[in-house]
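Chemist: Numbering (the working numbering), first residue to last: 35 to 269. Note that CB positions come from ideal geometry on N, CA and C, so glycine has one too.
1. Below 8 angstroms CB to CB, which residues in the same chain sit around residue 98 once its five sequence neighbours on both sides are set aside?
2. Where does residue 150 sit, in a helix, a strand or coil, going by DSSP?
3. With distances taken Cα to Cα, identify the nearest neighbour of residue 215 among 205, 228 and 233.
4. Assuming residue 107 is part of the beta strand (DSSP E), what are its boundary residues?
5. Tell me which residues share the same chain as residue 76 and place their Cβ nearer than 7 angstroms to its Cβ, disregarding the 5 neighbours each side in the sequence.
6. Take the Cβ of residue 65 as the centre, count every other Cβ of all protein chains shown within 10 Å, and call the residue buried at 16 or more, exposed below.
7. To the nearest angstrom, how far is it from the Cα of residue 138 to the Cα of residue 242?
8. Beta-carbon within less than 7 angstroms of residue 230's beta-carbon, same chain only, minus the 5 sequence neighbours each way: which residues are those?
9. What is the C-beta distance between residue 167 and residue 144, in whole angstroms, given that I count them as a contact (C-beta under 8 angstroms)?
10. Measuring only the C-alpha atoms, how far is residue 188 from residue 199?
11. How about residue 136 and residue 81: are their beta carbons less than 8 angstroms apart?
12. Let me know if residue 35 comes out buried or exposed under the rule of 16 or more other beta-carbons within 10 Å of its beta-carbon.
13. Going by CA-CA distance only, name the one from 194, 210 and 219 that's closest to residue 129.
14. What would DSSP say about residue 73, mapped onto helix, strand or coil?
15. Please work out which residues of its chain come closer than 6 angstroms, Cβ to Cβ, to residue 180, disregarding the five sequence neighbours upstream and downstream, and give them in chain order.
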């Protein structure tokens, strides 16, 4: 990127952040499985994906809204994160007829997390999660992946995205690779176990090895007690 193009690029980021509050077309709250589809990231407009992902995680994900992160910093963080996300595994859920967004699953290479744009509180979060992920590495691992955030309109959409990402991982990841994801163990534990994920740590675990307790980041125990990190290893 030439020096003259840098101001223009960031001007576009700022403009998108200002305009993000433009109403996103409403999609069904609980769409039927046959009414939506899972598509690759390159199949949707990038600016709409960034806007949807930022808005929905700010509103619905306690790992975001409980931390009082500056909106502009967070929007810019998500913009750059999607630029560097692993598009082989990341997916988007859209309605078949209208193409409205109803979910998105960002997958990132664990080793690339330290390259992220992460100012202020976002940097503190990154310090926390990278410390957590280091304790979950497998011996002789090939590739480490993590589903960082995953907004969705319903449990069926969430499960469909996880299933698709998991299938891609099982089919294409090198042997000894691992995939991490955060989920609510109260509602999703059985589903994830059926996909061969192992529950590693939750917020209610007091063992010294647990470096993945979001309570240390200021999230309330009512949230963190069931906020768990799961791991799938490809053997």
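Modeler: From the atom records:
1. Sequence index remark: in the chain shown, residue 98 carries index 64 (1-based). If the five residues before and after residue 98 are omitted, its C-beta is found closer than 8 angstroms to the C-beta atoms of 91, 92, 108 and 183, all from its own chain and listed in chain order.
2. Along the chain shown, read from residue 1 onward, the residue named residue 150 stands at position 116. Note: residue 150 maps to coil in three-state DSSP.
3. For the purposes of this step, residue 215 is identified with residue 181 of the chain shown, where counting begins at 1. Looking at the Cα atoms, 233 is the closest of the given residues.
4. As a first step, residue 107 must be located in the chain shown, where it is residue number 73. Premise fails: residue 107 lies in the alpha helix (DSSP H), 105–118, not in any beta strand (DSSP E).
5. As a position in the chain shown, residue 76 is number 42, starting the count at 1. Taken in chain order, the residues that qualify are 121.
6. Counted from its first residue, the chain shown places residue 65 at position 31. Buried: at least 16 other Cβ atoms inside 10 Å.
7. The sequence position of residue 138 within the chain shown is 104, counting from 1. The sequence position of residue 242 within the chain shown is 208, counting from 1. Looking at the two C-alpha atoms, the distance is approximately 33 angstroms.
8. As a working mapping, residue 230 is identified with position 196 in the chain shown. Closer than 7 angstroms at Cβ, skipping near neighbours: 266.
9. Counted from its first residue, the chain shown places residue 167 at position 133. Counted from its first residue, the chain shown places residue 144 at position 110. Indeed, because the Cβ distance is near 5 angstroms, the residues count as touching under 8 angstroms.
10. Within the chain shown, the letter at position 154 stands for residue 188. Within the chain shown, the letter at position 165 stands for residue 199. The alpha-carbon atoms of residue 188 and residue 199 are separated by roughly 17 angstroms.
11. Residue mapping note: residue 136 aligns to position 102 of the chain shown, counting from 1. Residue mapping note: residue 81 aligns to position 47 of the chain shown, counting from 1. No; because the gap between Cβ atoms is not below 8 angstroms, this pair is not in contact.
12. Start at 1 with the first residue of the chain shown, and residue 35 comes out as number 1. Only weak support is given to the placement of residue 35: the predicted model assigns it a pLDDT of 48, under 50, and the question is left unresolved by the model.
13. What you label residue 129 is simply residue 95 of the chain shown in a count that begins at 1. Among 194, 210 and 219, the Cα nearest to that of residue 129 is on 194.
14. Here residue 73 corresponds to residue number 39 of the chain shown, with the count starting at 1. It is a strand residue.
15. Position 146 of the chain shown, counted from the start, is the residue given in the question as residue 180. Taken in chain order, the residues that qualify are 142, 144 and 214.
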